[in-house]
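Participant:
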Amino acid sequence: MSRFTLAPAPALEAGNMLPVSRAPFRPELQGLRALSVVLVMVYHVWMGRVSGGVDVFLMLSAFFLTGSFIRKAESGRSFDLPGYWLNTFRRLLPAAVAVLLASLVATAALLPSSRWSSIFEQAWASLFYRQNWQLAQDAVDYYAANSATTSPLQHFWSLSIQGQVFLLWPLLLGAGLLVHRLLVRRFPRLRYAMVMAMLFAVVFAASLTYSIRITASDQAWAYFDTGARLWEFALGSMVAIALPFMSRLPGAVRAPLGWIGLAAIVSCGILLPVQQQFPGYLALWPTLAAACVIIAGQSRFGVDRLLALPVLGWLGGIAYALYLWHWPVLVFFVVRSGESKPSLVQGLMIMGLSLVLAWATTRIVESPMRSWKWLSAKRRRVGVVIALMLAVVMVPLNGWEHRVAAQEQLAATQPAVDNPGALVLEPGYVASGDPGALMIPLTSRASFDWSNFGDDCSGAYASDDPLMEYCQEGGNPAAEKTLFLLGDSHMQHWSGAVAQLAEQKDLHWVLLTRPGCRYGDETQDTDADCTDFNAVAAKYVLEHRPDALLTLATRTAQGPDADGNSPGQRERLATGYRAGIKAFLDAGIQVIGMRDTPRFDASIPECVDRFGPDGEPCTMEVDYAMAKTSPVLGLPEMNLPGHRFSTLDLTDLLCPQDSCRPVIGNVLAYMDESHLTSTYVRTTTPVFGQRLYAALGWT
Numbered sequence: 000m001s002r003f004t005l006a007p008a009p010a011l012e013a014g015n016m017l018p019v020s021r022a023p024f025r026p027e028l029q030g031l032r033a034l035s036v037v038l039v040m041v042y043h044v045w046m047g048r049v050s051g052g053v054d055v056f057l058m059l060s061a062f063f064l065t066g067s068f069i070r071k072a073e074s075g076r077s078f079d080l081p082g083y084w085l086n087t088f089r090r091l092l093p094a095a096v097a098v099l100l101a102s103l104v105a106t107a108a109l110l111p112s113s114r115w116s117s118i119f120e121q122a123w124a125s126l127f128y129r130q131n132w133q134l135a136q137d138a139v140d141y142y143a144a145n146s147a148t149t150s151p152l153q154h155f156w157s158l159s160i161q162g163q164v165f166l167l168w169p170l171l172l173g174a175g176l177l178v179h180r181l182l183v184r185r186f187p188r189l190r191y192a193m194v195m196a197m198l199f200a201v202v203f204a205a206s207l208t209y210s211i212r213i214t215a216s217d218q219a220w221a222y223f224d225t226g227a228r229l230w231e232f233a234l235g236s237m238v239a240i241a242l243p244f245m246s247r248l249p250g251a252v253r254a255p256l257g258w259i260g261l262a263a264i265v266s267c268g269i270l271l272p273v274q275q276q277f278p279g280y281l282a283l284w285p286t287l288a289a290a291c292v293i294i295a296g297q298s299r300f301g302v303d304r305l306l307a308l309p310v311l312g313w314l315g316g317i318a319y320a321l322y323l324w325h326w327p328v329l330v331f332f333v334v335r336s337g338e339s340k341p342s343l344v345q346g347l348m349i350m351g352l353s354l355v356l357a358w359a360t361t362r363i364v365e366s367p368m369r370s371w372k373w374l375s376a377k378r379r380r381v382g383v384v385i386a387l388m389l390a391v392v393m394v395p396l397n398g399w400e401h402r403v404a405a406q407e408q409l410a411a412t413q414p415a416v417d418n419p420g421a422l423v424l425e426p427g428y429v430a431s432g433d434p435g436a437l438m439i440p441l442t443s444r445a446s447f448d449w450s451n452f453g454d455d456c457s458g459a460y461a462s463d464d465p466l467m468e469y470c471q472e473g474g475n476p477a478a479e480k481t482l483f484l485l486g487d488s489h490m491q492h493w494s495g496a497v498a499q500l501a502e503q504k505d506l507h508w509v510l511l512t513r514p515g516c517r518y519g520d521e522t523q524d525t526d527a528d529c530t531d532f533n534a535v536a537a538k539y540v541l542e543h544r545p546d547a548l549l550t551l552a553t554r555t556a557q558g559p560d561a562d563g564n565s566p567g568q569r570e571r572l573a574t575g576y577r578a579g580i581k582a583f584l585d586a587g588i589q590v591i592g593m594r595d596t597p598r599f600d601a602s603i604p605e606c607v608d609r610f611g612p613d614g615e616p617c618t619m620e621v622d623y624a625m626a627k628t629s630p631v632l633g634l635p636e637m638n639l640p641g642h643r644f645s646t647l648d649l650t651d652l653l654c655p656q657d658s659c660r661p662v663i664g665n666v667l668a669y670m671d672e673s674h675l676t677s678t679y680v681r682t683t684t685p686v687f688g689q690r691l692y693a694a695l696g697w698t
């Protein structure tokens, strides 16, 4: 058993001691917890943005934790770390398990199977307090972004960070205890609280510096990064240590300080661009504001008069469960109603239902577990109960995953004739498959069916430039012909056809891509990394001089544009395309300007789940998505001799008979609203190869 005990320090003069506060109940802090959760709810339900309330909640948790450990150490009591961890998760898990189970049941009943895989991942991550890292990966994964944003478990990210800190902070406090023991003999006036104040100051400075830098360079990752949030906890810890000094401030100072802090907390989400710049230096606003409220304490005209109201105290008592429930209730309401934003009445209903569920969970699940005397009698019992609570989620979740995996395996092992895909579009095709065969990929598997072929570029094609991290190659390096592909994800999803073509022809291919970065379509809004990548990629192409370069010449848009452009105007020529390809043409490289992929207005797997593979809402007229005449045909470069510039139009493989379809030849064509499944792309290889070689004049 890990146990650290602080020997009583020698008596010191009062003036040299760092005062150690006791822990009287402070109802205004319970009210502050309630306020932070209510702000989170209000902003989520009606404003769809960050409020700063979570930052206050995190800071408060460290304030209470640190104060408890400091008081134990200063009074000579021992640190029982295993006991602390067991009791902490004994308090946290019951409500979390209840919400996880309810969310999984609602997922099975209300969410399409196309979302299940991401929910499975996030359920495991939430149960074991790593949801923030799961979402951080999804946030920087261009192809996972759409599936993660509407997860009913997304809010577990903050609880995961909190759980990680509940594991880390006692270790820091224990390490500080050992350091104090080593130093106190040489510096007898050194208090344990002083050691911890210095340690937390270092954590605060290091984490805040990191947070500011990572937020500026990669805010999507930083938002969920534990390291970028540690300073908020360190601030709460420093406030807990300094509070005995700060409480000596006169009431004339503390009272207005508290009101200023309250006003700053409430106004944070309104006045600050929190959605784009948290948790960098802007997160100092709500956390320092919370520190002001804590320091203000209790006074005749202080903010505690408001925050200590019984209704806020009651809300503070169920704040944890309320935070857990409000998000899945909101998400499932949006799914069920089809509304993107609740009305005032609908929002009040969501909050009311969340309150009822939070009260019931606290009363029926959380409180009995905390007050169960039999459980408290032996530590082993607590460990067993925690394991059982985990199993309550793990067993059904694992069984559900296995059932879905078995269905996916069954679909994957069907004969090829059952899922011909684009082959059904060839003249004279005669169907010979089972009409009752499963579609592939199943919608539950669609998000994984991405084209990822070839190996990382190596040898003569290797690049040391970090911007070239998405460089892949395949085929025969000594082949007679070399084809480069340059573009974004809409180029990458065709790499499956190129890879298959290289197996049939004497062809070597290299894919240069960056997600969300279209070559030749840079604007002033394009991020600097994209612009830099395109410049580096162009230089790379010119250095290697491939026989041909496949590019995307046009761009399709999702939904009507801001000017309300009518159907047929959603496809346009890439803004700087002609200028972008000039150097390649001048170098004697054959260039192919390919038309972009038609974009739907909603996720195709979800639509197929809801309306079926032939559902009318899942189809789209080709003239709605694409220009009636390809914009590429009007380029002067089309008149260059010797196939120097040509175009490749595969629209008819996605929109046969002028209707863009979600399922063709019993194969799901789209993995979301605009990216093609690898399974479908591979079925286009015969036509893709024929048209590509014809455009280049190759045989």
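Taking numbering that gives the first Met the number 0, the leading residue of the sequence shown gets 0, the next gets one more, and so forth. Where a beta carbon is used, it is the ideal one built from N, C-alpha and C, also for glycine.
Report whether the distance from the Cβ of Val-201 to the nearest heavy atom of the ligand ZN is below 7 Å.
Facilitator: This structure lacks the ligand ZN; in fact it carries no ligand of any kind.
Participant: Would you call the CB atoms of Arg-48 and Gly-351 closer than 8 Å?
Facilitator: Position 49 of the sequence shown, counted from the start, is the residue given in the question as residue 48. Position 352 of the sequence shown, counted from the start, is the residue given in the question as residue 351. Taking 8 Å as the Cβ cut-off, Arg-48 and Gly-351 do not qualify as a contacting pair.
Participant: What does DSSP give as the partner residue(s) for Lys-480 in the beta ladder?
Facilitator: The residue given as residue 480 occupies position 481 in the sequence shown. Leu-506, per the DSSP bridge assignment.
Participant: Can you tell me which of Ala-578, Asp-648 and Ser-673 puts its alpha carbon nearest to the alpha carbon of Met-619?
Facilitator: As a first step, residue 619 must be located in the sequence shown, where it is residue number 620. Minimum Cα distance to Met-619 is reached at Ser-673.
Participant: Among the residues of its own chain, which have a CB less than 6 Å from the CB of Pro-26, if the five just before and after it don't count?
Facilitator: Locating residue 26 in the sequence shown gives position 27, counting from the first residue. For Pro-26, where only same-chain residues beyond five positions count, the Cβ hits under 6 Å are Ala-307 and Gly-312.
Participant: If you scan the stretch 106-146 from start to end, which runs of the alpha helix (DSSP H) of 4 or more residues do you find wholly inside it?
Facilitator: Listed in chain order, they are 115-126 and 130-139.
Participant: Does DSSP put Thr-676 in a helix, a strand or coil?
Facilitator: Indexing the sequence shown from 1 puts residue 676 at position 677. Coil at Thr-676, not helix or strand.
Participant: Quick one: measure Cβ to Cβ for Asp-433 and Asp-417, integer angstroms, because I've assumed they're closer than 8 Å.
Facilitator: Along the sequence shown, one-based indexing puts residue 433 at 434. Along the sequence shown, one-based indexing puts residue 417 at 418. Indeed they touch by this definition, with Cβ atoms about 5 Å apart.
Participant: Whose C-alpha, out of Gly-420, Met-593 and Pro-249, is nearest the C-alpha of Phe-300?
Facilitator: Taking the first residue of the sequence shown as 1, we reach residue 300 at position 301. That would be Pro-249, whose Cα lies nearest to the Cα of Phe-300.
Participant: Which class does Phe-78 belong to by DSSP, given the choice of helix, strand or coil?
Facilitator: Along the sequence shown, one-based indexing puts residue 78 at 79. It is a strand residue.
Participant: Can you tell me which of Thr-208, Leu-653, Asp-595 and Ala-586 puts its alpha carbon nearest to the alpha carbon of Cys-617?
Facilitator: As a working note, residue 617 is residue 618 in the sequence shown. Here the closest residue by C-alpha is Leu-653.
Participant: Ends of the beta strand (DSSP E) at Val-590?
Facilitator: Here residue 590 refers to the residue found at position 591 when the sequence shown is read from its first residue. Element bounds for Val-590: 589-593.
Participant: With a Cβ-Cβ cutoff of 8 Å, do Arg-369 and Arg-90 count as a contact?
Facilitator: Against the sequence shown, residue 369 aligns to sequence position 370. Against the sequence shown, residue 90 aligns to sequence position 91. Yes, the pair counts as a contact, with Cβ atoms nearer than the cut-off.
Participant: Just mark Pro-309 as buried or exposed, buried being the case when its beta carbon has 16 or more other beta carbons within 10 Å.
Facilitator: As a working note, residue 309 is residue 310 in the sequence shown. Exposed, by the Cβ-count rule.
Participant: Do three or more CB pairs link the stretch 645-652 to the stretch 584-601 at distances below 8 Å?
Facilitator: The stretch 645-652, when compared against the stretch 584-601, does touch it at the 8 Å Cβ threshold.
Participant: Going along the chain, which residues of its own chain have a beta-carbon closer than 8 Å to the beta-carbon of Ala-233, five neighbours each way excluded?
Facilitator: Locating residue 233 in the sequence shown gives position 234, counting from the first residue. Around Ala-233: Ala-61, Phe-199, Ala-200, Val-202, Phe-203 and Ser-206.
Participant: May I have the straight-line CA-CA distance separating Ser-236 from Gln-136, to the nearest angstrom?
Facilitator: Position 237 of the sequence shown, counted from the first residue, corresponds to residue 236. Position 137 of the sequence shown, counted from the first residue, corresponds to residue 136. If I take the Cα positions, the gap works out to 29 Å.
Participant: Compare the Cα-Cα distances from Phe-452 to each of Leu-437, Arg-188, Ala-445 and Gly-473 and report the closest residue.
Facilitator: Your numbering for residue 452 matches position 453 in the sequence shown. Comparing Cα-Cα distances from Phe-452 to each of Leu-437, Arg-188, Ala-445 and Gly-473, the minimum goes to Gly-473.
Participant: Ala-101: which of Ser-67, Ala-357, Ser-339 and Pro-187 sits nearest, CA to CA?
Facilitator: Your numbering for residue 101 matches position 102 in the sequence shown. When each option's Cα is compared against that of Ala-101, the closest is Ala-357.
Participant: Once the 5 residues before and after Ser-494 are set aside, which same chain residues still bring their CB inside 6 Å of it?
Facilitator: Here residue 494 refers to the residue found at position 495 when the sequence shown is read from its first residue. Within the same chain, Ser-494 has close Cβ partners Ser-450, Phe-452 and Leu-510.
Participant: Going by C-alpha to C-alpha distance, which of Pro-635, Arg-609 and Pro-661 sits closest to Ala-108?
Facilitator: Counted from its first residue, the sequence shown places residue 108 at position 109. When only C-alpha atoms are compared, the closest one is Arg-609.
Participant: Measure how close the beta-carbons of Ala-573 and Ala-552 come, nearest whole angstrom, since I'm counting them as under 8 Å.
Facilitator: As a working mapping, residue 573 is identified with position 574 in the sequence shown. As a working mapping, residue 552 is identified with position 553 in the sequence shown. Indeed, because the Cβ distance is near 6 Å, the residues count as touching under 8 Å.
Participant: For Ser-20, which of helix, strand or coil comes out of DSSP?
Facilitator: Along the sequence shown, one-based indexing puts residue 20 at 21. Low confidence applies to Ser-20: its pLDDT is 45, below 50, so where it sits in the model is not reliable enough to give any reading.
Participant: Could you tell me whether the stretch 462-473 touches the stretch 419-434, using the rule of 3 or more Cβ pairs below 8 Å?
Facilitator: Counting Cβ pairs under 8 Å, fewer than three are found: no touch.
Participant: Closest by CA to Tyr-83, which one among Val-44, His-179, Pro-255 and Ser-375?
Facilitator: Within the sequence shown, numbered from 1, the residue matching residue 83 stands at position 84. Out of Val-44, His-179, Pro-255 and Ser-375, Ser-375 has the C-alpha closest to the C-alpha of Tyr-83.
Participant: Taking Leu-64 and Gly-173 to be in contact with their CB atoms under 8 Å, please state how far apart those CB atoms are, rounded to whole angstroms.
Facilitator: Within the sequence shown, residue 64 is the residue found at index 65, counting from 1. Within the sequence shown, residue 173 is the residue found at index 174, counting from 1. Not a contact, Cβ separation roughly 13 Å.
Participant: Let me know if Ala-10 comes out buried or exposed under the rule of 16 or more other beta-carbons within 10 Å of its beta-carbon.
Facilitator: In the sequence shown, the residue the question calls residue 10 occupies position 11. Caution is warranted here: a pLDDT of 35 is assigned to Ala-10, below 50, making its placement in the model unreliable, and the coordinate value is therefore given only provisionally. By the 10 Å Cβ count, Ala-10 comes out exposed.
Participant: Is Val-44 closer than 8 Å to Ile-317 when the C-beta atoms are compared?
Facilitator: The residue given as residue 317 occupies position 318 in the sequence shown. The residue given as residue 44 occupies position 45 in the sequence shown. Result no, Cβ atoms of Ile-317 and Val-44 do not sit closer than 8 Å.
Participant: In or out: Asp-487 buried (at least 16 other Cβ within 10 Å) or exposed?
Facilitator: If you number the sequence shown from 1, residue 487 lands on position 488. Buried, by the Cβ-count rule.
Participant: Per DSSP, what kind of secondary structure is Arg-32 in: helix, strand or coil?
Facilitator: As a working note, residue 32 is residue 33 in the sequence shown. Helix, per DSSP.
Participant: Would you mind stating whether Thr-134 and Gln-153 have Cβ atoms separated by less than 8 Å?
Facilitator: Here residue 134 is taken as the residue at index 135 of the sequence shown, counted from 1. Here residue 153 is taken as the residue at index 154 of the sequence shown, counted from 1. The sequence as given places Leu at residue 134; Thr does not occur at that position. Going by C-beta atoms, Leu-134 is nearer than 8 Å to Gln-153.
Participant: Identify the continuous alpha helix (DSSP H) that holds Ala-421 and give its terminal residues.
Facilitator: As a position in the sequence shown, residue 421 is number 422, starting the count at 1. Counting along the chain, Ala-421 falls outside any alpha helix (DSSP H), and DSSP gives it neither H nor E.
Participant: Is Val-662 helix, strand or coil when you go by DSSP?
Facilitator: Sequence index remark: in the sequence shown, residue 662 carries index 663 (1-based). Three-state result, Val-662: strand.
Participant: Below 8 Å CB to CB, which residues in the same chain sit around Val-392 once its five sequence neighbours on both sides are set aside?
Facilitator: Mapped onto the sequence shown, residue 392 falls at position 393. Taken in chain order, the residues that qualify are Val-96, Leu-99, Leu-100, Leu-103, Ala-122 and Leu-126.
Participant: What residues are listed by DSSP as bridge partners for Cys-654?
Facilitator: As a first step, residue 654 is located in the sequence shown; it is residue number 655 there, counting from the start. Beta-bridge pairing links Cys-654 to no other residue.
Participant: Quick one: what's got a C-beta closer than 8 Å to Val-381's C-beta in the same chain, skipping five residues either side?
Facilitator: Indexing the sequence shown from 1 puts residue 381 at position 382. Same-chain partners within the cutoff: Leu-85, Asn-86, Arg-89, Leu-374 and Ser-375.
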